[in-house]
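S.K.:
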């Protein structure tokens, strides 16, 4: 009766992976209970999620290794695995499910970076943003309700908004990864998307020691037209989340990332913690810090607990 923070299943967004070239779902070893899906298993698992009370997913595509190239060209093709996955979910569930799509090239490039590289291995911002524009339009045409630019390129939100509007997709929203840190917590995700990354992303993601810089990024994304801004990772950056929520004029999301998930699962498997209690406490901490939406691999488990 006197609780100051309320967590609802409608706050939760479930990140999911659809993979080309497999005939059955494959469990991600570093993320027990999470899978790379076929199109068919993706639809089945989303139906279970809807029944549990999860109404929104954020979809990532995992192409074949031989389909990757220097520019991630398969990301913009209508027959690419991510766009086919988006389309399959919209055809199956219509508007009963909010379909978000990851708008980034790291899963699709043979070097694993989030954009096009120059001859010294540095990401070329403007050339990358132009591909993001094509990618966002392709995702909208596949049926995405919302695109999620996660590459941290300068000007990406304004460019994507312009491209979507020009293509007649004014109603497709943008969730911007605004304060995305160059974090060690992303490790298990690299397995989930079969990453080809060589090196790191510190030249375009945020320095974990900084906060003012991230708040500037939040401000810029709002000015450029973001409908939702995000802080990623979650638990180690609750201070950033709280400050972003205080200043933002749009909803604020947080991403409880793969490393956070894996640590909870590993400790729970050893009997060191109460998994369900930790899940609910961590998700409540995001709400307490000001999050409006929470991307979490625990979405279905939490929704079942909340709705039981």
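Residue numbers (my numbering): -3 to 304.
Built from N, CA and C at the ideal position, the CB exists for glycine as well.
Can you round the beta-carbon distance between residue 160 and residue 132 to whole angstroms, since I take them to be within the 8 Å contact cut?
M.R.: Residue 160 to residue 132, Cβ: 6 Å. Contact.
S.K.: I'd like the span of the beta strand (DSSP E) that includes residue 131, first residue to last.
M.R.: It is not in any beta strand (DSSP E) - residue 131 instead sits in the alpha helix (DSSP H) that spans 121 to 138.
S.K.: Assign residue 105 to one of three DSSP states: helix, strand, or coil.
M.R.: In the structure shown, residue 105 sits in a strand (DSSP, three-state: E or B).
S.K.: Are the CB atoms of residue 262 and residue 289 nearer to each other than 8 Å?
M.R.: It is not a contact, given that the beta carbons lie outside the stated cut-off.
S.K.: Relative to the alpha-carbon of residue 199, which residue among 270, 163, 145, 120 has its alpha-carbon at the smallest distance?
M.R.: Looking at the Cα atoms, 120 is the closest of the given residues.
S.K.: Do the segment 202 to 215 and the segment 236 to 249 touch if we need at least three Cβ pairs shorter than 8 Å?
M.R.: Yes, the segment 202 to 215 is in contact with the segment 236 to 249.
S.K.: If we require 3 or more residues per run, which beta strand (DSSP E) segments fall completely within the segment 9 to 60?
M.R.: DSSP runs (the beta strand (DSSP E)) wholly in the segment 9 to 60: 31 to 33, 52 to 58.
S.K.: If you follow the alpha helix (DSSP H) that residue 154 is part of, which residue opens it and which one closes it?
M.R.: Here the alpha helix (DSSP H) through residue 154 covers 152 to 162.
S.K.: For residue 302, which residues in the same chain have their Cβ closer than 6 Å to its Cβ, ignoring the five residues on either side in sequence?
M.R.: For residue 302, where only same-chain residues beyond five positions count, the Cβ hits under 6 Å are 5.
S.K.: How many angstroms separate the CA atom of residue 71 from the CA atom of residue 40?
M.R.: Looking at the two C-alpha atoms, the distance is approximately 24 Å.
S.K.: Less than 8 Å between C-beta atoms, sequence neighbours within five positions excluded: which residues of the same chain meet that for residue 178?
M.R.: 196, 197, 198, 201, 202, 203, 204, listed in sequence order.
S.K.: Verify whether the separation of the beta carbon atoms of residue 222 and residue 125 is less than 8 Å.
M.R.: For residue 222 and residue 125, no; Cβs fall outside 8 Å.
S.K.: Compare the C-alpha of residue 146 against each of 255, 251, 69 and name the closest.
M.R.: Checking every option, the nearest Cα to that of residue 146 belongs to 251.
S.K.: With burial defined as no fewer than 16 other Cβ atoms inside 10 Å of the residue's Cβ, what is the status of residue 30: buried or exposed?
M.R.: With 16 or more other Cβ atoms within 10 Å, it is buried.
S.K.: Where does residue 273 land, buried or exposed, given buried means 16+ other C-beta within 10 angstroms?
M.R.: Exposed: under 16 other Cβ atoms inside 10 Å.
S.K.: If we ignore side chains and look at the alpha-carbon of each, how far apart do residue 226 and residue 287 end up?
M.R.: If you take the alpha carbons of residue 226 and residue 287, they lie about 9 Å apart.
S.K.: Reducing DSSP to helix, strand and coil, say where residue -3 ends up.
M.R.: The answer is coil: DSSP assigns residue -3 none of H, G, I, E or B.
S.K.: Using only alpha-carbon positions, find the residue among 83, 74, 102 that is nearest to residue 61.
M.R.: With distances taken between Cα atoms, residue 61 lies closest to 102.
S.K.: Per DSSP, what kind of secondary structure is residue 173 in: helix, strand or coil?
M.R.: The answer is strand: DSSP assigns residue 173 an E or B state.
S.K.: Quickly, what does DSSP pair residue 302 with across the bridge? List them, please.
M.R.: Residue 302 pairs with nothing; no bridge assigned.
S.K.: Going by DSSP, name the residue or residues bridged to residue 65.
M.R.: Residue 65 is bridged to 105.
S.K.: Determine whether the beta carbon atoms of residue 143 and residue 112 lie at a separation below 8 Å.
M.R.: In this structure, residue 112 does not lie closer than 8 Å to residue 143 by Cβ.
S.K.: Taking a contact to mean a Cβ-Cβ separation below 8 Å, would you say residue 176 touches residue 228 in this structure?
M.R.: In contact: residue 176 and residue 228 (Cβ atoms closer than 8 Å).
S.K.: Measure from the alpha carbon of residue 210 to the alpha carbon of each residue in 172, 187, 189, then state which is nearest.
M.R.: Residue 210 has its Cα closest to that of 172, out of 172, 187, 189.
S.K.: Measuring straight from C-alpha to C-alpha, what distance separates residue 183 and residue 254?
M.R.: So the alpha carbons of these two residues sit roughly 7 Å apart.
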